[in-house]
Every structure is written in structure tokens, then in C-alpha cells.
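For reference, the structure discussed in these notes is given below.
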Amino acid sequence: MNATRFARGNPRLPKLLLAGGAMLSLAALLTADATAAGFVDSTYGTAQLRTESPLSVPPVDYDQSANSSLFLTRTGDLYVAGDRRNGDGNGGTQAPTAEPTRVNFGEGVTIIDAIGSTNDFHTDWTSTNSYMALDSNGGVWTWGRPYGGGGITGHGPQSDAQSRAARRVTQVEGGGPMPAIMQISRSENQFYAIDGEGNLWAWGYDGENLPVPTSGNRAYPALANTTVAAPSTGTCATSNAGVVRWHSLWGGNNSSGAVATNGLIYTWGHDTSNGLTATQVNARCPALHEGPNRVLFQRYPELYQTAAGEVYDEATLTTEAARHARYLEIVEHMRPRTLAECSTVKPAGVVDESACPVRQYGFSARAGRLLLQTGELFTWKISTASYGDPFLGRAVTAATPAYAPHPVSFGGSTNSLDRVVTGVSASFGLTREGVLYGWGENNYCQAVGKPTQNGALVEADCAEFGRDSATGRRVDTPMPVQNLPEGQRVVRVAATQCAAWAETETRELWAWGGGTVSGADFRYCKQPSSGHRGYKIYDYGSVTDEHPLGVPVTATTTGTMRVRGE
């Protein structure tokens, strides 16, 4: 889960260039599907015709930086709010409660995607915030201080003070130029990018297993196209599953994943598994992820077959040995091929709108998720620890064990989901009908916008209800987000660590959760010390030049409230 451009009504109109450098006209934006670089879709043009303030937008989709928030306007300007001790993007620092800072990328730069992250996604690590942005010409910009120092943000050796300013990544490991990038993503203290040729570039801290052939922190982007057949602690061996090109990139907490142009799913990181059993592995090299790949083979038999045309069908493959053997046969046939549906590189975006079967993929704290184009969401745990429990969204039974992918139900349906957005403590699923569901920790009303106890709604005020240590407040299975306007479709959703936003079809924007609360221990939310508290939720009713995002909501937590609209 790694992008800010929503499929319905993108709120930004970047300056998008053709391969030859000519500016696209508004008419072209309204009709074109994609440029050679893949940065255009028709929603940009329609978004420009709307009349709301260019700053009255929710935060970016995938900002998990502790106690700060990134806001990206429809004109491609990026603002940073909250904790900016590791840099405001302009070379300085700001108090957490200071007005949001507009990052100066230089004249003519239009940002189309941005991501924040923090070591352990934890309030105690707010001195390790780091950020990544993608511009409309494929340029990657970074700033901040990941764990390991400001010198591993992609610019070569530099001091932490120097890393406070956003700079474009221009050089790769070995001295060559950084190519134009299609997608960006983060995993804790690591930076990822895929270029137009399907090459994966990785840099940053190596403690969570950078997916590059040799160990060690990387100050410059390094190629990460080498894969292996199964998760292991060893380095990447070119003689195993070989070198691939990538179609889509999906970040996570300690684990990340990608779909190759052969249509197969690979994963790597500090907390990964085979996707079938409680076999937590710390894997450096991208490895074929058996459990999710079996789901693909089962749901798309017309695409995934053996060389002899045999398919994966669990109704006939009744033993685990037979299923594993058939899986290996299909992998062996698919691995060297290019699947037509996944042959091109996916543009930046929160979902994959192509015909490639994987619509979304990603990881929370030791929990994986796979959303298919069929609208089915599958989740699974990676560890016997309780880390992944809040993110499963489904009951665990003998027939639906925790460690293998099984579907999640939304309002009684298992094939209606359009997208998933996940914070550190809670997840949100938006159905094709525009109904928004939440699940996960709800100790600050961050999952459903209203207090819950033991799986049921309770009448209480979120401001009085919210607290760091609270038992029985988790929402284990998806529940509709409360107090959104009845009869209106939700068309966009965004989430940070402990707060979330929903935009309706009438352009109203609603927010809920811990406005000054930050993550803790990968999966909880807590109130940090007063010196670290930044604001996440803003009331856009009073946007001015002096207050570019409006008035901050300073309450610790709030129930679902309207922050934009009549």
C-alpha cells in the first residue's frame, strides 16, 4: 500500500510531460489514459474543474511517520505538519505545533506521490522520521533521518543536518544516473522505487534486510531484481529463481512485496513467511510467496498453469503434498515467462487498475494482505505473536487458520472490495458500492470513529473514551465507519498512524481518530510526551494564507467529524 493518487477523483493536477517533453493540454488530460511514462489518467483533468480550495485535502494515503503528516494538494504542492525535528524539507526544523511547512522542491516541480516512515513506527522513535516524494517527471526526492542516519537517504554520505532538506536522488550505486521512476514505497527505514523498465531500486538501512545481493546499508539506490524460490536468511543467489522485472511494488512495516512481470508475488524483509504456516523468516532476497501465489493460481486458472496445461484446484488436490507439488510445477512454468496482464509497469497509485490479478498487496505488523481484482481480500499472520492479530479482520477457525490466506467479509460479501488503506493500528476497506469499513485497534476511536467495547458500539465520547492502555476495544472484523452521512458514497479514504479520513461523493471530508496520538510497538496508538505532539486533523473551514491547512483539531482524539463541506 504505497500511493496517494486515488482512482476516483485525484485531487492534483501535475504538469505531466510526454516523452519528448511537450506539455500535455487540459483536453489531452481529460481523454488520455497514459503517457509513455505512465503518469496520466483522466481523473487529473476532472479534478482541476472542481472548485474547492486546493489545500482542503486529506493527508497522503501512506504516511506512517510518527506524529507528523504529509498533505499533497491537487496542484502538486507538498506540506509537512506535526513533528519536523528531522527536517521540514527545506533544511530547517519546526516545533510540532507550528504551521504546516510547504516543501520547496524548486520551480516547476510537481509532486504526485509522497510517503513518510519512522523506525518501528513508534512514538519513542520520532527522531527517525524520513520522507520520500515522487514528481511528475519521475524524479525521487528524500529527506529526514532514518535509523542509520541521514547519509542513507539516497544522496551519498551527508550529515543529519544536511538531510533536513528535500533533494532529488540523482545517482545510483556504481555512479550511473538515477532513471525516471514510476512507483515509490517505504518499509520502515528503507526506500524503494521501480523505474519504467521494471527495475527495483533499494537503499537505506540494512537491518530489516534490504533486497539487494550483498549486505550493508546503502547510501545510493542499488538494483534489487534478483530473486530466490523460498524465503531464507541467505544473500541473493543469481542461480536460483533468477533475475526478474517488476510490475508493481507494495511496501509494509518490516516486510514488503512486489509482483513481477511473470505474474508471481515475491516478498522480503525482517518478518516474512511462506504464507502457509507459522514460519517467520528474516529474508533478504525477494522470494516467491507460496500462500498468496496459491490463491492466485486457484482464482485465475486461465492465467496460471503448468507446461502441460494443468491448473491448481484444491478440490482435486486433496493433500498438502499434492498442492505443493502442483504449485512448484506452475511456478516452474511461469517464472521465466511474461504474463501479458502484468507485462507493463504499474503507475503510482493506491491500487492496480490493470488486468494484472493483484489489485493491492502489502503488510502490517506481521500480517499480510492480498486484494484481487475480483474484489476479494485475503489476510494472514506471519508470527505466533499477537502483532498481526488486529489486521486479520476475520475469524480464525480450524477451517480458516491464521497463517494461510483466507477471505475477509464486508457486509456479508467477500468479493466487493475496491481498496484497502492501513494505518499502524487499524485498517480500512472501501467497497465498490462506496461503503467504508474499519477494523483493528480502536482505543482512540481510530478504527470506526466511535467507541467500541468487546466488538460492540458503546455510547461514549471519544475524547473521554481514548486512552493508551485499553482492553476489549479492538474491532476484530470489519464494521462500518460510524457517523458518516447516510446515503452518500465514500469515494476516497486515507489513513495515518492513528487517524483516518473519508471523502464522500458530494465532496464532504470527514476525519476521526487520534489527532495528536502516535504509533507504539507497531500496532498500538498512544499519546506521546507533550514535546512530541503534532497535529494530524485540520478543520478546513478557515483556510487562509497564514493557515494553509486551516485550524488544527487539538483534541487527543475525536469521533467522526466533518472537516470540509457545507
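Take the sequence shown: its position 21, counting from 1, is numbered 966 in the working numbering, and each next residue is one higher. The beta-carbon is built from N, C-alpha and C at its ideal position, and this holds for glycine as well. The model shown is predicted, which means the values in this text are computed figures rather than measured ones.
Between the alpha carbons of residue 1429 and residue 1423 lies a distance of about 16 Å.
Less than 8 Å divides the Cβ of residue 1086 from the Cβ of residue 1111. In the structure shown, residue 1064 adopts helical secondary structure according to DSSP, grouped into three states. For residue 1097, there is no enclosing beta strand (DSSP E), as DSSP gives it neither H nor E. Taking C-alpha positions only, residue 1062 is separated from residue 1252 by approximately 43 Å. Residue 1076 and residue 1196 have their alpha carbons spaced roughly 14 Å apart.
Taking residue 1181 as the centre and dropping the five residues before and after it, the same chain places the C-beta of 1158, 1171, 1173, 1229, 1230 closer than 7 Å to its C-beta, in chain order.
The beta-carbon distance between residue 1377 and residue 1320, rounded to whole angstroms, is 6 Å. This is short enough to meet the 8 Å contact definition. Here the alpha carbons of residue 1255 and residue 1280 stand approximately 16 Å from one another. At a Cβ-Cβ threshold of 8 Å, residue 1324 and residue 1313 count as neighbours. With fewer than three CB-CB distances shorter than 8 Å, the region 1039-1057 does not count as touching the region 1438-1453.
A Cβ-Cβ contact shorter than 8 Å links residue 1027 with residue 1481. Runs of alpha helix (DSSP H) with 4 or more residues, each lying fully within the region 1390-1414, are found at 1407-1410, listed in chain order. A distance of 8 Å or more separates the beta carbons of residue 1494 and residue 1425. When beta bridges are read from the DSSP output, residue 1448 appears opposite 1437, 1454. A check of alpha carbon separations from residue 1331 across 1071, 1385, 1295 identifies 1385 as the nearest. The alpha-carbon separation between residue 1003 and residue 1168 amounts to approximately 34 Å. Per DSSP, the continuous beta strand (DSSP E) segment holding residue 1074 begins and ends at 1074-1080.
Counting only unbroken stretches of 3 or more residues, the beta strand (DSSP E) elements lying wholly within the region 1315-1385 are 1322-1326, 1362-1367, 1371-1376, 1381-1385, in sequence order. Cβ atoms of residue 1365 and residue 1373 come within 8 Å of each other, at about 7 Å.
The C-beta of residue 1486 has fewer than 16 other C-beta atoms within 10 Å across all chains shown, which makes the residue exposed.
Here DSSP, grouped into helix, strand and coil, assigns residue 1474 to coil.
Shown here, residue 1237 sits in a helix according to DSSP, grouped into three states. With fewer than 16 other Cβ atoms from the protein chains shown falling within 10 Å of its own Cβ, residue 1432 counts as exposed.
Residue 1475 is classed as exposed because its beta carbon has fewer than 16 other beta carbons within 10 Å across all chains shown. In this model, residue 1021 and residue 1059 are separated by some 10 Å (Cα to Cα). In this structure residue 1371 does not touch residue 1398 by the C-beta definition: roughly 16 Å separates them, more than the 8 Å allowed.
Inter-segment contact for the region 1344-1351 and the region 1400-1416 is absent: fewer than three beta-carbon pairs are separated by less than 8 Å. When DSSP states are grouped into helix, strand and coil, residue 1175 belongs to the coil group.
Pairing residue 1189 with residue 1287 gives a Cβ-Cβ distance that is not under 8 Å. Around the beta carbon of residue 1122, a 10 Å sphere encloses fewer than 16 other beta carbons of the protein chains shown; the residue is thus reported as exposed.
With contacts defined by Cβ atoms closer than 8 Å, residue 1367 and residue 1293 do not form a contacting pair. Residue 1267: member of the alpha helix (DSSP H) spanning 1265-1279, first to last residue. Fewer than three Cβ pairs drawn from the region 1265-1284 and the region 1033-1041 lie within less than 8 Å of each other, which leaves the two stretches out of contact. Nearest to residue 1242 by alpha-carbon distance, out of 1226, 1232, 1259, 1131, is 1259. Judged by their CB atoms, residue 1209 and residue 1162 are not nearer to each other than the 8 Å cut-off.
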